[in-house]
Amino acid sequence: MQQLEKGSHALAEWKPEDVGFWEETGKQVANRNLLVSVPALTLAFIVWQMWSVAAVQLNSIGFSFTQGQLFTLAALPGLVGATLRFFYTFANSIFGGRNWTIFSTSILLLPLLGIAYAVQNVNTPYWVFMILAALCGLGGGNFSSSNANIGAFYPKAKKGTALGINGGIGNLGVSLVQLITPLVITTSIFGFIGGNALVTETGKEIWLQNAALLWVVPTIILTVCAYLFMDNLPTARQSLREQASVFKDKHFWIQTLLYTAAFGSFIGYAAAFPMILKLKFPESDLMALAFLGAFLGASSRPFGGWISDKIGAAKVTLIVFGIMALGTISVIMAITNSNLTMFFISFVVLFIATGLNSGATFAMIPHVFVATKTPAVVGFSAAFAAYGAFFIPKMFGWSLELVGSFNGALFVMLGLYAISIATTIYYYLRSGAEKPIR
Numbered sequence: 001m002q003q004l005e006k007g008s009h010a011l012a013e014w015k016p017e018d019v020g021f022w023e024e025t026g027k028q029v030a031n032r033n034l035l036v037s038v039p040a041l042t043l044a045f046i047v048w049q050m051w052s053v054a055a056v057q058l059n060s061i062g063f064s065f066t067q068g069q070l071f072t073l074a075a076l077p078g079l080v081g082a083t084l085r086f087f088y089t090f091a092n093s094i095f096g097g098r099n100w101t102i103f104s105t106s107i108l109l110l111p112l113l114g115i116a117y118a119v120q121n122v123n124t125p126y127w128v129f130m131i132l133a134a135l136c137g138l139g140g141g142n143f144s145s146s147n148a149n150i151g152a153f154y155p156k157a158k159k160g161t162a163l164g165i166n167g168g169i170g171n172l173g174v175s176l177v178q179l180i181t182p183l184v185i186t187t188s189i190f191g192f193i194g195g196n197a198l199v200t201e202t203g204k205e206i207w208l209q210n211a212a213l214l215w216v217v218p219t220i221i222l223t224v225c226a227y228l229f230m231d232n233l234p235t236a237r238q239s240l241r242e243q244a245s246v247f248k249d250k251h252f253w254i255q256t257l258l259y260t261a262a263f264g265s266f267i268g269y270a271a272a273f274p275m276i277l278k279l280k281f282p283e284s285d286l287m288a289l290a291f292l293g294a295f296l297g298a299s300s301r302p303f304g305g306w307i308s309d310k311i312g313a314a315k316v317t318l319i320v321f322g323i324m325a326l327g328t329i330s331v332i333m334a335i336t337n338s339n340l341t342m343f344f345i346s347f348v349v350l351f352i353a354t355g356l357n358s359g360a361t362f363a364m365i366p367h368v369f370v371a372t373k374t375p376a377v378v379g380f381s382a383a384f385a386a387y388g389a390f391f392i393p394k395m396f397g398w399s400l401e402l403v404g405s406f407n408g409a410l411f412v413m414l415g416l417y418a419i420s421i422a423t424t425i426y427y428y429l430r431s432g433a434e435k436p437i438r
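Under the UniProt record's numbering, the sequence shown has 330 at position 330, and the numbering climbs by one with no breaks.
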């Protein structure tokens with residue numbers, strides 16, 4: 001069997017549901033592509049969420065932005081990334097999954113180099129930072145193309161696990177940037193190449209440019225890896241009209257609602273949590289652990305996909321939405337009582353639940369749609385869900401301005417989880433459901 005067209009990385013045929021083909025050839029090829037896709041997506045998340053921690057540091061080194069402006073810098077990559085995901089969903093069918101991974105990874109050098117330069121000059125205007133924040137949205141677009149591409153490599157029975165690994169480990173980029181940034185900005189790890197130190201209002205020296213410079217070389221390496229080791233799938237090439245046909249399917253919008261409530265919550269909370277913690281508990285020593293929520297949330301996503309393949313994605317989705325609702329109530333109580341310990345633990349539980357449900361809701365999709373529609377549903381639902389990275393931080397900012405508390409935003413999220421619970425039961429779990437998923 002000729003797997004590749006000579007001189008290209010285009011697979012001549014792909015039959016993952018054929019057991020013989022899968023065991024003999026398909027598994028090895030799919031896993032090789034997954035092995036490159038995972039770190040590339042992780043890097044994309046790092047760039048996408050860089051402002052969630054960088055924005056917190058700006059005023060301490062001489063900038064004078066308002067709280068609203070800082071929340072906007074943290075949220076703007078979410079708006080751009082979510083919007084780009086609609087195009088990125090089509091990108092695999094137009095350019096091929098391998099080719100698009102090469103391009104979408106290499107272009108991340110633009111915001112990385114731009115941020116490294118801009119933060120070193122306190123006279124850099126706010127509009128420049130807005131452009132750089134928008135460019136970080138390029139990383140947010142990658143999720144749709146990456147998951148749509150990887151999902152097409154695997155048979156139906158293994159899609160949940162594969163998407164959970166790709167998306168879950170990829171999501172770890174959020175926690176990585178929140179963990180590593182506070183560490184790398186404290187020392188001149190790049191010497192004279194990295195530029196001079198910036199002095200904070202307390203007299204401490206930091207190198208905020210390191211937050212971006214650290215990822216330049218990994219970006220180059222992963223671009224080369226995608227070029228050498230990834231492949232283009234023949235089944236990924238559908239017309240734009242064929243892919244857009246999913247918009248006419250009611251269950252596409254239902255799945256989008258559920259995934260938005262799950263992943264949208266994860267990425268929105270990840271973007272907002274460091275700022276919420278700093279503003280609500282300014283004297284807290286837990287800022288160094290702000291990464292923990294996103295880390296545990298991302299780590300739990302593969303498990304959500306795996307357990308869904310074992311006991312049923314709809315059941316897992318329902319149970320975890322219940323946990324998310326309880327976690328939200330607990331966060332509201334903690335904020336009301338200014339209980340830092342309860343606040344932090346409750347938010348960590350909420351993060352873990354959003355990760356589990358991101359894997360579980362994605363695992364439902366192959367059971368609701370035929371294989372040819374699954375990549376488009378995965379990509380488009382991920383695009384809508386990514387708007388959580390913009391609207392949730394902005395909603396917390398609006399809530400603080402309007403009612404003087406973050407609880408207004410949390411009550412909105414609680415309502416969303418209640419709707420998601422009812423929707424899951426009605427369409428997928430009750431007796432006589434339209435698309436029963438057991």
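Glycine included, each C-beta is placed from N, C-alpha and C at the ideal position. All figures in this text were calculated on a predicted structure; none of them were measured in a lab.
Terminal residues of the continuous alpha helix (DSSP H) containing residue i?
i           : result
residue 50  : Element bounds for residue 50: n/a, residue is neither H nor E.
residue 252 : 250-259
residue 287 : Here residue 287 belongs to no alpha helix (DSSP H), and DSSP marks it neither H nor E.
residue 159 : 156-184
residue 230 : Segment: none, residue 230 is in no alpha helix (DSSP H) and carries neither H nor E.
residue 127 : 126-151
residue 85  : 67-95
residue 344 : 340-368
residue 269 : 265-280
residue 381 : 374-386
Of the residues the options, which one's Cα is nearest the Cα of residue i?
i           : options               : result
residue 72  : 145, 53 and 281       : 53
residue 147 : 131, 169, 130 and 12  : 169
residue 439 : 395, 357, 39 and 269  : The question about residue 439 has no answer, for the chain in this structure spans 1 to 438.
residue 25  : 74, 13 and 250        : 13
residue 287 : 278, 295, 294 and 293 : 278
residue 175 : 268, 94, 206 and 232  : 268
residue 390 : 70, 373, 306 and 161  : 70
residue 412 : 424, 423 and 388      : 388
residue 188 : 179, 199 and 178      : 199
residue 354 : 137, 204, 324 and 133 : 324
residue 259 : 57, 319 and 383       : 383
residue 57  : 119, 9, 10 and 27     : 119
residue 327 : 316, 345, 341 and 317 : 345
residue 65  : 96, 122, 316 and 22   : 122
Would you list the residues sitting across from residue i in a DSSP beta bridge?
i           : result
residue 206 : 198
Mind checking whether the beta-carbon of residue i lies closer than 7 Å to any heavy atom of the ligand PLP?
i           : result
residue 278 : Among the ligands in the structure shown, none appear at all, so the ligand PLP cannot be discussed.
If I measure Cβ to Cβ from residue i and keep anything under 6 Å in the same chain, skipping five residues before and after, which residues do I get?
i           : result
residue 141 : 81, 84, 85 and 88
residue 380 : 89
residue 30  : 153 and 154
residue 173 : 42, 45 and 46
residue 55  : 70, 73 and 74
residue 434 : 427
Spatial neighbours of residue i within its chain, please: C-beta separation below 7 Å, excluding the five flanking residues on both sides.
i           : result
residue 68  : 397
residue 419 : none
residue 116 : 209, 212 and 213
residue 226 : 36, 40, 98, 101, 102 and 105
residue 432 : none
residue 439 : Outside the shown range of the chain (1 to 438) lies residue 439, about which nothing can therefore be said.
residue 294 : 174, 175, 178, 270 and 351
Any idea if residue i is buried or exposed, counting beta-carbon neighbours within 10 angstroms, 16 or more meaning buried?
i           : result
residue 193 : exposed
residue 221 : exposed
residue 127 : exposed
residue 236 : For residue 236, the pLDDT reaches just 48, beneath the cut-off of 50, and the residue's location in the model is therefore unreliable, although a value from the coordinates is still provided. Looking at its Cβ environment, which holds 16 or more other Cβ atoms inside 10 Å, residue 236 is buried.
residue 250 : exposed
residue 338 : exposed
residue 311 : exposed
residue 404 : exposed
If you drop the 5 nearest sequence neighbours on each side, which residues of the same chain put their C-beta closer than 8 Å to that of residue i?
i           : result
residue 112 : 47, 212, 213, 215, 216 and 219
residue 306 : 160, 161, 164 and 359
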